[in-house]
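According to my numbering, the stretch in the sequence shown is residues 190 to 417, in order.
Structure record follows, encoded as C-alpha cells.
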Amino acid sequence: MPEITIDIAPDTRSDTAFPSPSLPEPPHSGGAALTDLPDPYPPVDGPEAHRVAVIRALALHGGVPVSRLFPARLHREIAELDAVIDEYVAGTIRRVAAAATQEEYTAERRRLTAVFHEFDGRLARTRFLLGPRITEPDIRLWTLLVRYDRGYNPFARISKLRLVDFPRLWAYARDLYQHRPFRDTTDFPAIARLPEAPPPPYFHDAPWRILVEPYVADWESPHGRERP
C-alpha cells in the first residue's frame, strides 16, 4: 500500500505553519461514519472535556487569555489544522477500533503512523504547531497524544510504535505537559482505565488485531524544546 502524504509542513515565509487545504479522504468501506463513532472515553474523561479544562486553566492560572489561543491572523490556519487533527488523528484512532476487516485495520493503522511521522517532521522546524506560541490546535492534538500510550493504543491495538518512538512529537508533548495548566488537568489513572473498560459498541475485536501493552512514560523528563 502506498504511503499517505499529508502536507502539514510549516510555511517558511513566516513563523506560522499551514496545513494543506487539499487532504486525501480516508477510505470508508461501508463502516460507521466518524460522526457515529464517539470517543471511547466517558465524556468527563475524554479529550474534549480535557481541552476545555486546559483552556480554562491557561486563562485563569497561566496568563494566557482565550484570544491568544485563537489569534485573528491565524483563524484560517487554526480551522484547517483542527480539521486535520479531528479527521486524521482522532478519526483514525476510532476507525482502527471499528475496523471490521483486516484490510481496513491495516490501512487505518498505517494512516495514523504516517500522520504521526508528518507531525514529527513538522515539529523539527517549529516549537508548537503554528509557531513559537501555544495555540488551540496544540491543545486539541495534545489531549489525544497524552492518551495514546496508556489509553488509545492498547485499547484499539494500533501499533507497536509508541508516542515515545516519535522523538520530536514526544518531546513536544512533554513540553506542553510541563506547563502547569496541562499537568494539573491531566488524570493519568483515568486515562489508564480505558483498555480495561467495556469497549464501545463499535469496537470490533478479532484475532488479527495485534496486542499492545500500556506504556508508562516519563512525562517529567527534560524536553529540550526551547529551540526545536
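Every residue, glycine too, gets a C-beta built ideally from N, C-alpha and C.
Would you kindly work out how many angstroms separate the C-alpha atoms of HIS264 and LEU249, rounded to a whole number?
Along the sequence shown, one-based indexing puts residue 264 at 75. Along the sequence shown, one-based indexing puts residue 249 at 60. HIS264 and LEU249: Cα-Cα distance of roughly 23 Å.
Please tell me whether TRP408 and ARG363 are closer than 8 Å, where the distance is taken between their beta carbons.
Translated into the one-based positions of the sequence shown, residue 408 becomes position 219. Translated into the one-based positions of the sequence shown, residue 363 becomes position 174. Yes; because the gap between Cβ atoms is below 8 Å, this pair is in contact.
Between ARG339 and VAL285, is the Cβ-Cβ spacing less than 8 Å?
Taking the sequence shown and counting its residues from 1, one reaches residue 339 at position 150. Taking the sequence shown and counting its residues from 1, one reaches residue 285 at position 96. Contact: no.
Look at ILE244 and LEU226 and say whether their C-beta atoms are less than 8 Å apart.
In the sequence shown, residue 244 corresponds to position 55, counting from 1. In the sequence shown, residue 226 corresponds to position 37, counting from 1. Cβ atoms of ILE244 and LEU226: not closer than 8 Å.
To which residues does DSSP link GLY310 through a beta bridge?
Counted from its first residue, the sequence shown places residue 310 at position 121. Beta-bridge pairing links GLY310 to no other residue.
Alpha carbon of HIS412 to alpha carbon of THR375, nearest angstrom:
Here residue 412 refers to the residue found at position 223 of the sequence shown. Here residue 375 refers to the residue found at position 186 of the sequence shown. Whole-angstrom Cα-Cα distance: 18 Å.
Buried versus exposed call for LEU400 [16 or more other C-beta atoms within 10 Å across all chains shown]
Here residue 400 is taken as the residue at index 211 of the sequence shown, counted from 1. Classification for LEU400: exposed.
What are the complete alpha helix (DSSP H) segments, minimum 4 residues, inside the stretch 298–347?
Entirely contained in the stretch 298–347, the alpha helix (DSSP H) runs reaching 4 residues are, in chain order, 325–334 and 342–345.
Hey, quick one: how far does the alpha helix (DSSP H) through ILE399 stretch, first residue to last?
Start at 1 with the first residue of the sequence shown, and residue 399 comes out as number 210. That residue, ILE399, is in no alpha helix (DSSP H); it is neither H nor E in DSSP.
Could you check whether the Cβ of ASP338 sits closer than 7 Å to any heavy atom belonging to the ligand NAD?
Only the bare structure without any ligand can be found here, which leaves the ligand NAD out of the picture.
Burial state of ARG311 (16 or more Cβ within 10 Å):
Along the sequence shown, one-based indexing puts residue 311 at 122. ARG311 comes out buried.
Exposed or buried, what is GLU214 when buried is set at 16 or more other beta-carbons lying within 10 Å of its beta-carbon?
Taking the first residue of the sequence shown as position 1, residue 214 is located at position 25. Bear in mind that the predicted position of GLU214 carries a pLDDT of just 42, short of 50, making it too unreliable to give a figure here.
Between which residues of its own chain and GLN291 is the CB-CB distance below 6 Å, once the five residues before and five after are set aside?
Position 102 of the sequence shown, counting from 1, holds the residue named residue 291. The residues are TRP397.
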